[in-house]
Amino acid sequence: MTAEMEGALQAAGEENKKKKRKAADRALVMLSGGLDSATCLYWARSRNYETSAITFNYFGRLEKEKQAARLVAEKAGVHVTEVDLSFMKEAADFRGGDNNGSSSSSSNNNNNRDGRWDSYVPARNMIFYSIAAHYAEYAGVRWIVGGHNSHDVSFFKDASRGYIEKLNALFREGCLLCDGNNGAGAGTGRLQEPYQIVLPLADLDRKGVVELALELGVPIGQTWSCHGDGGSHCGRCYACVQRLKAFASLGLQDPVFPRGRA
Ligand SMILES: [Zn+2]
Numbered sequence: 018m019t020a021e022m023e024g025a026l027q028a029a030g031e032e033n034k035k036k037k038r039k040a041a042d043r044a045l046v047m048l049s050g051g052l053d054s055a056t057c058l059y060w061a062r063s064r065n066y067e068t069s070a071i072t073f074n075y076f077g078r079l080e081k082e083k084q085a086a087r088l089v090a091e092k093a094g095v096h097v098t099e100v101d102l103s104f105m106k107e108a109a110d111f112r113g114g115d116n117n118g119s120s121s122s123s124s125n126n127n128n129n130r131d132g133r134w135d136s137y138v139p140a141r142n143m144i145f146y147s148i149a150a151h152y153a154e155y156a157g158v159r160w161i162v163g164g165h166n167s168h169d170v171s172f173f174k175d176a177s178r179g180y181i182e183k184l185n186a187l188f189r190e191g192c193l194l195c196d197g198n199n200g201a202g203a204g205t206g207r208l209q210e211p212y213q214i215v216l217p218l219a220d221l222d223r224k225g226v227v228e229l230a231l232e233l234g235v236p237i238g239q240t241w242s243c244h245g246d247g248g249s250h251c252g253r254c255y256a257c258v259q260r261l262k263a264f265a266s267l268g269l270q271d272p273v274f275p276r277g278r279a
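The opening position of the sequence shown corresponds to residue 18 in the numbering used here, with each subsequent residue numbered one higher.
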C-alpha cells in the first residue's frame with residue numbers, strides 16, 4: 018500500500034470516528050422546572066447536544082412546577098417526557114400520612130431547620146436516574162444531565178459526586194446496547210460508549226448558577242422554585258429565600274418575584 022493510500026484510509030477512519038462521536042452526542046436533561054434544571058437544559062443546548070428532557074410527576078408535585086417544566090422545554094424547543102411516579106412521596110407528605118393528593122410543605126419537625134428535610138425522598142436519585150437510563154439506552158443518549166449545584170451535592174447524599182460516580186459505574190457495567198454490542202438489533206446502534214450522568218452545576222453555588230443562566234439566556238421568569246402553590250413565588254420558603262439571596266448578591270431583580278420584593 019502506498020503512503021498516499023494509507024493517508025487516505027487514515028483520513029477516512031478519522032472522519033468515520035468523528036461521525037460516530039457526533040451521532041452519540043445526545044443529551045437527556047433531568048428537568049424539574051426550577052432554575053437549576055432549566056440552566057442545565059440550556060447548557061446542553063449550548064454544547065450542541067441533540068437535547069431532550071425528562072420530568073417526574075411524583076406525589077403532590079406542584080402544578081406550577083409541572084407547568085414550568087413544560088414551558089421551559091417549549092421555549093427551548095425540546096421534547097419533554099413526563100413520567101408518572103405518584104407513589105413517590107416527599108418526607109413532608111409521608112409524615113403527613115394523608116393520601117388525598119394534597120402537598121404539605123410546612124412542618125413542625127425539629128429537623129426541618131431549612132426546609133430541605135421536607136423535600137427529601139428516599140432513594141430519589143437512584144430511582145430518577147435509573148428511569149432516565151432506561152430511556153437513554155433506547156434513545157441512544159450519551160449524556161444524562163443532572164442539575165445539582167454545590168449546595169445540593171453537599172447536603173443530599175444521593176446527589177454527591179461519589180454517589181453519581183457509582184451510578185455511572187453501574188450504567189457502564191449494565192449497558193448492553195452500547196459499544197460493540199449494539200443490542201442485537203434492539204437499540205438504535207448510536208451509542209459507542211455507555212451513557213453517563215454529568216453534573217454541570219456541581220461546582221457552582223446559587224449565585225454562580227444565576228450567572229450561568231443569564232449567560233445562556235435561560236427564560237428565568239418561566240422557572241418555578243417555590244414550595245408553595247400560590248399564583249406567584251411566596252418569597253418566604255427556603256427555595257424562594259435562596260433565589261432572592263442569589264439575585265440580590267448580583268444586584269439583580271429575579272423576574273419571578275413581584276416588583277419590590279427583592
Ligand atoms: Zn416560596
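Ideal Cβ positions, reconstructed from N, Cα and C, are used throughout, including at glycine. The model shown is predicted, which means the values in this text are computed figures rather than measured ones.
If you draw a straight line from the alpha carbon of residue i to that of residue j, how long is it in whole angstroms?
i    : j    : result
R189 : R159 : 11 angstroms
Q209 : L194 : 9 angstroms
E182 : K262 : 31 angstroms
F274 : G191 : 45 angstroms
D135 : E107 : 6 angstroms
G238 : D110 : 28 angstroms
A176 : G248 : 30 angstroms
Y59  : N166 : 15 angstroms
S69  : D101 : 17 angstroms
S122 : A28  : Residue placement at S122 cannot be trusted, given a pLDDT of 43 that sits under 50; what the coordinates show is reported in the next sentence. Approximately 59 angstroms between the Cα atoms of the pair.
N229 : D220 : Looking at the sequence itself, residue 229 is Leu, so the reference to Asn does not match. About 12 angstroms.
P217 : N74  : 23 angstroms
V138 : F264 : 28 angstroms
V226 : G113 : 33 angstroms
F145 : R43  : 18 angstroms
H250 : R260 : 10 angstroms
E154 : R276 : 45 angstroms
D271 : G51  : 13 angstroms
Got a sec? Which residues, its chain only, sit under 7 angstroms from residue i by beta carbon, not counting five neighbours each side?
i    : result
N185 : Q213, I214
A149 : L45, M47, I71, I161
G179 : none
A93  : L58, Y59, R62
D169 : A176
K224 : A263, S266, L267
K174 : Y180
In this structure, how does DSSP classify residue i when only helix, strand and coil are distinguished?
i    : result
R189 : helix
T56  : helix
F264 : helix
V215 : strand
V235 : coil
V138 : coil
G179 : helix
E80  : helix
L184 : helix
L62  : The question names Leu, but residue 62 is Arg in the sequence shown. In the structure shown, R62 sits in a helix (DSSP, three-state: H, G or I).
L194 : coil
E107 : coil
Q27  : helix
L221 : coil
E21  : helix
G113 : helix
E210 : coil
Q270 : coil
R133 : coil
C254 : coil
R87  : helix
What span of residues does the beta strand (DSSP E) with residue i cover, start to end?
i    : result
K101 : Here the sequence assigns Asp to residue 101, which means Lys is not the residue at that position. Taken as a continuous stretch (DSSP letters only), the beta strand (DSSP E) holding D101 covers 97-102.
L45  : 43-47
F73  : 67-75
Which residue comes first and which comes last in the alpha helix (DSSP H) that contains residue i?
i    : result
F172 : 167-172
N142 : 141-156
V162 : Looking at the DSSP string, V162 is not in any alpha helix (DSSP H); the run it does join, the beta strand (DSSP E), is 160-162.
Leaving out five residues on either side along the sequence, give the residues of the same chain with a beta carbon under 6 angstroms from the beta carbon of residue i.
i    : result
A55  : V89, V235, T240
S147 : none
V95  : T68, S69, A70
P211 : F188, R189, C192, C195
Can a CB atom of chain D be found closer than 8 angstroms to the CB of residue i?
i    : result
D222 : In summary, chain D is missing from the structure at hand, where a single protein chain is found.
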